[in-house]
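J.:
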Amino acid sequence: MAGPSLAQEFVAPLEGSPSDDGLITIESDSQTADNITGVVTAIGNVRIVYPSRGMVATSRQAQYFSREGRLVLSGDVDVVQEDGSSLRAERVTYNLEDERAVAVPPSGEQVRSTMILRPDQPAQTPLTP
Numbered sequence: 042m043a044g045p046s047l048a049q050e051f052v053a054p055l056e057g058s059p060s061d062d063g064l065i066t067i068e069s070d071s072q073t074a075d076n077i078t079g080v081v082t083a084i085g086n087v088r089i090v091y092p093s094r095g096m097v098a099t100s101r102q103a104q105y106f107s108r109e110g111r112l113v114l115s116g117d118v119d120v121v122q123e124d125g126s127s128l129r130a131e132r133v134t135y136n137l138e139d140e141r142a143v144a145v146p147p148s149g150e151q152v153r154s155t156m157i158l159r160p161d162q163p164a165q166t167p168l169t170p
């Protein structure tokens, strides 16, 4: 049985369209924030919602490194975008500034991703393995 869920909202240091406020919400069983290092750690039943990117991610643990603009998800990572694209890995490191991600599979397995390809739109850049 899962414990109480906590939520923390923070604004990622992003530049983009006016509708992109960079707001991300993190829900988890427990969270700690270190103001000296600028690291927020979420553990247990982690759920991250990134509305301006139409993305929801779940994992066992997440760490947000505010000074580096980096989000690291680990343990049964699932990322789903509103267009139906998805990614499943053991660990995903996402750089908020340049919107690049690196996905690492569980030992002996592969990263799995599903993308919606539309001929009228440019293809998304694949994740770097």
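Sequential numbering from 42 applies to the sequence shown in our numbering. We treat Cβ as the ideally placed atom computed from N, Cα and C, and that holds for glycine. Model, not experiment: these values are computed from the prediction.
1) Could you tell me the distance, in whole angstroms, from the CA atom of Pro160 to the CA atom of Ser93?
2) Using a Cβ-Cβ cut-off of 6 Å (strictly less than) and excluding sequence neighbours within five positions of Asp119, which residues of its own chain qualify?
3) How is Arg108 classed by DSSP in three states: helix, strand or coil?
4) When the Cα atoms are used, what is the spatial distance from Arg101 to Thr82?
5) Got a sec? Which residues, its chain only, sit under 6 Å from Pro97 by beta carbon, not counting five neighbours each side?
6) What does DSSP give as the partner residues of Val113 in its beta bridges?
7) Going by other Cβ atoms of all chains shown within 10 Å of its Cβ, with 16 needed for buried, is Ile67 buried or exposed?
8) Quick one: what's got a C-beta closer than 8 Å to Val152's C-beta in the same chain, skipping five residues either side?
9) Check for me: the beta strand (DSSP E) holding Asp75 runs from which residue to which?
T.: Checking against the coordinates, here is how it stands:
1) 24 Å
2) Thr99 and Arg129
3) coil
4) 11 Å
5) The residue you asked about is not Pro; residue 97 is Val in the sequence shown. For Val97, where only same-chain residues beyond five positions count, the Cβ hits under 6 Å are Val90 and Val121.
6) Gln104 and Thr134
7) buried
8) Leu128, Arg129, Ala130, Ala144, Val145, Pro146, Leu168 and Pro170
9) Ser71 to Asp75
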